[in-house]
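Let me begin by presenting the structure, written as structure tokens, before commenting on it.
Protein chains: 2
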Amino acid sequence: VRTFKLTVAYDGTDFVGWQRQARDRSVQAAIEDVLMTIEGAPVAIVGAGRTDAGVHAAAQVASVSLQRAIPSDELHRALNATLPGDVRVLQIEDVASGFNARFHAKAKVYRYWMWNGAAMLPALRRFAWHIPQSLDSHAMQRAADLLIGEHDFSAFQAARSDVKTTKRTLTRSALTESRPDGPMSTATAGALLCYEVTGSGFLRHMVRNIVGTLIDVGRGRLAPEELTRIVASRDRAEAGPTAPPHGLTLWRVEY
Amino acid sequence: VRTFKLTVAYDGTDFVGWQRQARDRSVQAAIEDVLMTIEGAPVAIVGAGRTDAGVHAAAQVASVSLQRAIPSDELHRALNATLPGDVRVLQIEDVASGFNARFHAKAKVYRYWMWNGAAMLPALRRFAWHIPQSLDSHAMQRAADLLIGEHDFSAFQAARSDVKTTKRTLTRSALTESRPDGPMSTATAGALLCYEVTGSGFLRHMVRNIVGTLIDVGRGRLAPEELTRIVASRDRAEAGPTAPPHGLTLWRVEY
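Just so you know, the sequences run in chain order F and W. The first sequence begins at 1 in the numbering used here and counts up by one. The second sequence begins at 1001 in the numbering used here and counts up by one.
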């Protein structure tokens, strides 16, 4: 038995999310189906993060054990030759047996993109949330900063979640504003905002609920300092709305 | 009669190009159809550049004259409220009657994106050409530089074109390499190459034929200096293959 660590990128637009579901198109099933034809038997892969429907990944990590002796570069070629274009395996590494992409992850980094301009750019529409109203990005930066550290993040957890503990530690929580020089940039008025957050773990919808709350701050509905009160309340109703999934990308997983 | 200058962005993936065609989905028809409902009569718009099927625009410019008295900001809102998400009007300006987006254009800027990495990034796949082989980008830069100035570009013109003159002047022709910090960037190995070219006008497929030739240089099939000989030959057979449309974006039009 050999164990592999797969680094996977996907455009989540046309997936129901990472996790395999009975009928719909999931990233996990897309990869497992190809691996099954190589292994000649059912294969189960473990993803570091279960991204929701519409959420993207720049570098999701998955682990898998195979009986069949296949060199990792051959496996890499076989996967990308068969997978649809909206999922790509960026890297495959041979790792010690017992490696589990989910349980051994030390930290995850998410990025949430927002386009703040009058009109949405067509090239950005699958990967960024469009906010046409003017935003106070400095207030949003101050608010984001208040979330760093260990907190009970119940106020930012999806309703009806059932987890042992709602304490999580964020080591980075920052909003940056840029005008990137790439296929998604533009000559026209507008700013690309990026909320980047690093944590040992995240509650369900936590990043999207934080972003929805930061947008309330940016639009002047909340003062930045209120973030501290909202966290302390542990009340979902105190935080802002859930930002849409398509702005979110699982950026990196650290081991 | 009032004349408007429209700045338009589109994701060309699902269009047959700018120009209206009998049946298929074109950008021109998408915009004209909305304008017709506002005008209450057929409307003809003129685009600065007739982009081919699959080619994108960050800032195409179109001109249109309307009889109906409608403020430009109201027209702007009406267009974006009705147009599909892969076309957006970024700006509308009132201009002097007689303004023609095509004939008054002084220069056009195109960008052609290439992703040079083992695996294509799903987020880039609609906007960049994937070149998995290693490329000598310095050789490509030297080759690109040799095209600046006034030349007969017949060697880079699509077969069976019929134009009065094949002389064109390029004021910029440069290849840059970057790793942009946006939704299309990545933590993984690879480089984003961008060929940017500015000219008073372009022959059919000229940019894509130049890029196909630059890639031949990057892969060592041609020496950079041979670009001068290829231009002088005025023979399409001497230049490289036509690069695919999806890497090309009409970046800006200057007046």
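Ideal placement from N, C-alpha and C gives every residue a C-beta, glycine not left out.
- The alpha-carbon of MET206/F is positioned some 15 angstroms away from that of LEU146/F.
- ALA1057/W is the residue among MET1114/W, ALA1057/W and SER1097/W whose C-alpha sits nearest the C-alpha of VAL1089/W.
- Taken in chain order, the complete alpha helix (DSSP H) segments of 4 or more residues contained in the segment 1151-1228 of chain W are 1206-1218.
- Within chain W, the residues placing a beta-carbon under 7 angstroms from that of PRO122/F are ALA1009, TYR1010, ASP1011, GLY1085, ASP1086, VAL1087 and ARG1088, ordered along the chain.
- Residue pairing from DSSP places ASN116/F in a beta bridge opposite ALA191/F.
- Considering only VAL1211/W, ARG1204/W, VAL1001/W and TRP1129/W, the residue with the shortest C-alpha distance to VAL1197/W is VAL1211/W.
- Residue pairing by DSSP places PHE1004/W opposite VAL1064/W and ASP1094/W in a beta bridge.
- PRO132/F places its beta carbon 8 angstroms or farther from that of VAL1087/W.
- Residues of the segment 151-174 of chain F with a C-beta atom less than 8 angstroms from some C-beta of chain W do not occur.
- A contact is defined here as three or more CB-CB pairs under 8 angstroms, and the segment 1066-1077 of chain W fails this definition with respect to the segment 1011-1027 of chain W.
- When only Cα atoms are considered, LEU1083/W and GLY218/F end up about 28 angstroms apart.
- If you look at ARG77/F, you'll find it isn't in any beta strand (DSSP E); it sits in the alpha helix (DSSP H) that goes 72-82.
- Counting along the chain, LEU250/F sits inside the beta strand (DSSP E) bounded by residues 248-254.
- With contacts defined as CB atoms closer than 8 angstroms, GLY1199/W and LEU1170/W qualify as a contacting pair.
- Put simply, the CB of ARG208/F is far from chain W, with every gap to its CB atoms at 8 angstroms or more.
- Within the segment 107-122 of chain F, TRP113, ALA119, MET120, LEU121 and PRO122 place their CB atoms closer than 7 angstroms to a CB of chain W, listed in sequence order.
- With 16 or more other CB atoms across the displayed protein chains lying within 10 angstroms of its CB, ARG252/F is buried.
- Within the segment 42-57 of chain F, the residues whose Cβ lies closer than 8 angstroms to any Cβ of chain W are, in chain order, HIS56.
- With distances taken between CA atoms, LEU1135/W lies nearest to GLU1177/W out of LEU1203/W, GLU1177/W, VAL1061/W and LEU1006/W.
- Against chain W, a Cβ distance below 9 angstroms from ARG125/F picks out ASP1011, GLY1085, ASP1086 and ARG1088.
- The three-state secondary structure of ALA1009/W, taken from DSSP, is strand.
- ALA57/F is bridged by DSSP to TYR10/F and LEU250/F.
- Taking 8 angstroms as the CB threshold, ASN80/F lines the interface with chain W.
- Membership of ILE38/F in the alpha helix (DSSP H) is indicated by the continuous run 27-39.
- Taking the C-beta atoms as reference points, THR1213/W is found nearer than 8 angstroms to ILE1230/W.
- Residue state for ALA139/F is assigned as helix, using DSSP reduced to three classes.
- LYS1106/W sits away from ALA1048/W, with the two beta carbons spaced by 8 angstroms or more.
- Taking C-beta atoms as the reference points, LEU6/F and ILE70/F fail to come closer than 8 angstroms.
- Around GLY98/F, the same chain offers THR3 as residues with beta carbons nearer than 8 angstroms, after the five sequence neighbours per side are excluded.
- In the structure shown, the three-state DSSP call for VAL1043/W is coil.
- Under DSSP, GLY149/F shares a beta bridge with LEU170/F.
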